[in-house]
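A.B. asks: Please read through the structure below; I'll follow up with questions.
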Amino acid sequence: MSRSDARSRRLRRRPSRTVPASIVALVLLAAGVLAVLAGVFRLIDGSWAAPVRSGAKGLAGLTWGSGAFLGIVIGVGVIGLVLLLAAIIPGGYTSARLAAGGAGVAAQTEFVISQRGLARLAAATAEEIDGVERVSASAGGHRVRVAVTTATDAEARQLRDRVQQAVSQRLSAAGVQPAARVSVSVHTRGI
Amino acid sequence: MRQTASALNRGWLAVIGLVLIIAAAVAGIARAGLLPSIGRATGLSLRAPADGTKLLPGGSVWNQSWVIVVVILVGVVLALLGLAWLIAQVPRTNQARPFRLHDSTEHGLTRCEPKVLTDAVETQTKAFPGVTDASAVLRGTADRPELTLKVTCADRADLSGLMGQLESTVAAGLGQALEAPVQRFGVLVEVDRGRRSERAVTV
């Protein structure tokens with residue numbers, strides 16, 4: 001898929017694995033630059049630079065039966081497995097679909113809300129409930145988790161039910177599809 | 001809105017991961033002394049390295065000119081690959097090229113920059129109730145335009161109604177302006193944290 005073809009992509013996407021890719025790219029860049037510098041200095045000076053010689057001394061002592069070599073093999077295997085898993089595991093969607101439109105204006109339509117937007121919507125709805133002092137919310141997959149803080153725990157159960165109902169209704173009215181599972185936890189502020 | 005290098009990242013992560021796993025597996029098999037039995041099973045003549053055998057060749061090899069040149073060339077290749085991959089992490093807008101609206105040698109050529117259209121779309125979108133910010137990207141061609149909107153809304157906005165209005169007004173308006181129906185219309189909604197002001201009066 002080219003990113004210079006002026007074509008749209010789906011808005012509802014899986015993570016693009018930017019972080020592991022950037023780390024590996026940086027390692028490649030650093031290794032390449034160090035190799036070039038070491039080779040150029042060797043050509044200019046006639047001998048390898050001191051850091052290269054000390055590193056080579058350590059590696060030169062490695063044998064097939066040494067414990068350090070076994071450690072390197074295991075380490076390389078683990079890194080390879082981590083990279084492979086990062087590539088093949090899809091990851092959660094970065095946004096949720098909204099059921100909307102249908103006017104037939106465009107051949108293809110797509111309406112999505114970011115996971116962050118979903119969490120803010122849930123938090124804003126919970127804030128309006130009487131008895132709620134503080135709210136924090138997070139969204140991921142098809143779940144929205146809301147944590148509220150209240151002054152007393154006398155009506156914690158009723159408060160949880162009210163918040164869950166209000167948030168579920170708000171998200172349903174917004175058209176989130178499929179309907180998000182809302183879980184609410186209530187904490188009592190210590191006096 | 002912006003497009004990332006997802007396919008490139010996952011592809012190369014898988015390739016590098018597989019190469020590392022295979023290298024580790026081969027080294028592990030050789031260290032475990034299983035090479036001769038594998039060789040007998042496959043008809044190849046394989047010998048297991050002795051435990052005391054050094055991994056790397058002796059010092060004189062590393063002082064030969066061709067080895068130094070290979071080290072430099074490999075370094076250049078790795079550095080360029082790493083740099084290209086890093087640059088690819090920058091998200092791209094992938095916006096359309098200037099639209100040629102009336103391409104006729106007799107009557108002249110009208111070129112329209114996408115920014116002219118997206119500015120109008122953004123202004124129109126920000127006028128809707130509940131919308132605090134908007135940005136638009138136009139892709140495709142003049143005959144088959146594709147519009148993507150990122151809309152930031154207040155937390156009390158009627159999202160469902162707003163989506164319908166965006167399609168029936170903004171997308172339809174763009175199609176009328178270009179005299180071509182919008183092929184793809186996408187909207188990404190963000191919700192503004194919003195600031196609430198409270199005023200109290202003491203009587």
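The listed protein sequences derive, respectively, from chains A and B. Numbering-wise (the UniProt record's numbering), the first sequence opens with residue 1 and increments by one. Numbering-wise (the UniProt record's numbering), the second sequence opens with residue 1 and increments by one. Even for Gly, the Cβ is constructed at its ideal location relative to N, Cα and C.
Do residue 139(B) and residue 7(A) have their C-beta atoms within less than 8 Å of each other?
C.D. replies: To locate residue 139(B), count along the second sequence from 1; it is residue 139. To locate residue 7(A), count along the first sequence from 1; it is residue 7. Contact: yes.
A.B. asks: Quick one: grab the DSSP three-state call for residue 6(B).
C.D. replies: Position 6 of the second sequence, counted from the start, is the residue given in the question as residue 6(B). Helix at residue 6(B).
A.B. asks: Report yes if the C-beta distance between residue 3(A) and residue 9(B) is below 8 Å; otherwise report no.
C.D. replies: Position 3 of the first sequence, counted from the start, is the residue given in the question as residue 3(A). Position 9 of the second sequence, counted from the start, is the residue given in the question as residue 9(B). No.
A.B. asks: Could you check the C-alpha separation between residue 174(A) and residue 108(B) for me, to the nearest Å?
C.D. replies: Position 174 of the first sequence holds residue 174(A). Position 108 of the second sequence holds residue 108(B). So the alpha carbons of these two residues sit roughly 47 Å apart.
A.B. asks: Determine the direct distance from the alpha carbon of residue 167(A) to that of residue 122(A), and round the result to whole angstroms.
C.D. replies: Position 122 of the first sequence holds residue 122(A). Position 167 of the first sequence holds residue 167(A). When rounded, the distance between both Cα atoms is 6 Å.
A.B. asks: Since residue 22(B) and residue 83(A) should fall inside the 8 Å C-beta cutoff, what is the C-beta to C-beta distance between them, to a whole number of angstroms?
C.D. replies: The residue given as residue 22(B) occupies position 22 in the second sequence. The residue given as residue 83(A) occupies position 83 in the first sequence. No, residue 22(B) and residue 83(A) are not in contact; Cβ-Cβ is about 12 Å, not under 8 Å.
A.B. asks: In this structure, does DSSP put residue 39(A) in helix, strand or coil?
C.D. replies: Looking up residue 39(A) in the first sequence gives position 39. The answer is helix: DSSP assigns residue 39(A) an H, G or I state.
A.B. asks: Closer than 8 Å, CB to CB, is residue 173(A) near chain B or not?
C.D. replies: Taking the first residue of the first sequence as position 1, residue 173(A) is located at position 173. Yes, residue 173(A) counts as interfacial toward chain B.
A.B. asks: What does the alpha-carbon distance come out to for the pair residue 82(B) and residue 19(A)?
C.D. replies: For the purposes of this step, residue 82(B) is identified with residue 82 of the second sequence, where counting begins at 1. For the purposes of this step, residue 19(A) is identified with residue 19 of the first sequence, where counting begins at 1. Their backbone Cα atoms lie some 14 Å apart in a straight line.
A.B. asks: Mapping the DSSP letters down to three states, classify residue 145(B) as helix, strand or coil.
C.D. replies: In the second sequence, residue 145(B) corresponds to position 145, counting from 1. Strand, per DSSP.
A.B. asks: Please state whether the Cβ-Cβ distance between residue 39(B) and residue 36(A) is less than 8 Å.
C.D. replies: Position 39 of the second sequence holds residue 39(B). Position 36 of the first sequence holds residue 36(A). It is not a contact, given that the beta carbons lie outside the stated cut-off.
A.B. asks: Establish whether the CB of residue 128(B) and some CB of chain A are separated by less than 8 Å.
C.D. replies: Along the second sequence, read from residue 1 onward, the residue named residue 128(B) stands at position 128. Output row for residue 128(B): interface = no.
A.B. asks: Determine which residues of the stretch 136-163 of chain B have a Cβ less than 7 Å from any Cβ of chain A, and write them out in chain order.
C.D. replies: Listed by position, the residues of the stretch 136-163 of chain B near chain A (Cβ gap below 7 Å) are 139, 140, 146, 148, 155, 159, 160 and 163.
A.B. asks: Less than 8 Å between CB atoms is the rule here; does residue 35(B) satisfy it with respect to chain A?
C.D. replies: Numbered from 1 along the second sequence, position 35 holds the residue referred to as residue 35(B). By this cut-off, residue 35(B) is not an interface position.
A.B. asks: Can you give the Cα-Cα distance for residue 31(B) and residue 25(B), rounded to whole angstroms?
C.D. replies: If you number the second sequence from 1, residue 31(B) lands on position 31. If you number the second sequence from 1, residue 25(B) lands on position 25. Those two C-alpha atoms are separated by around 10 Å.
A.B. asks: From the beta carbon of residue 88(A), is the nearest beta carbon of chain B less than 8 Å away?
C.D. replies: The residue given as residue 88(A) occupies position 88 in the first sequence. Yes - at least one Cβ of chain B is within 8 Å of the one on residue 88(A).
A.B. asks: Quick check: is the beta carbon of residue 89(B) nearer than 8 Å to any beta carbon in chain A?
C.D. replies: As a position in the second sequence, residue 89(B) is number 89, starting the count at 1. Closer than 8 Å: yes.
A.B. asks: Going by DSSP, name the residue or residues bridged to residue 177(A).
C.D. replies: Counted from its first residue, the first sequence places residue 177(A) at position 177. DSSP output for residue 177(A) lists 97(A) as bridge partner(s).
A.B. asks: At 3 residues or longer, what runs of the beta strand (DSSP E) sit wholly inside the stretch 118-177 of chain B?
C.D. replies: Segments of the beta strand (DSSP E) lying fully in the stretch 118-177 of chain B: 131-140 and 145-153.
A.B. asks: Give a yes or no on whether the C-beta atoms belonging to residue 14(B) and residue 87(A) are separated by under 8 Å.
C.D. replies: Position 14 of the second sequence, counted from the first residue, corresponds to residue 14(B). Position 87 of the first sequence, counted from the first residue, corresponds to residue 87(A). Yes, the pair counts as a contact, with Cβ atoms nearer than the cut-off.
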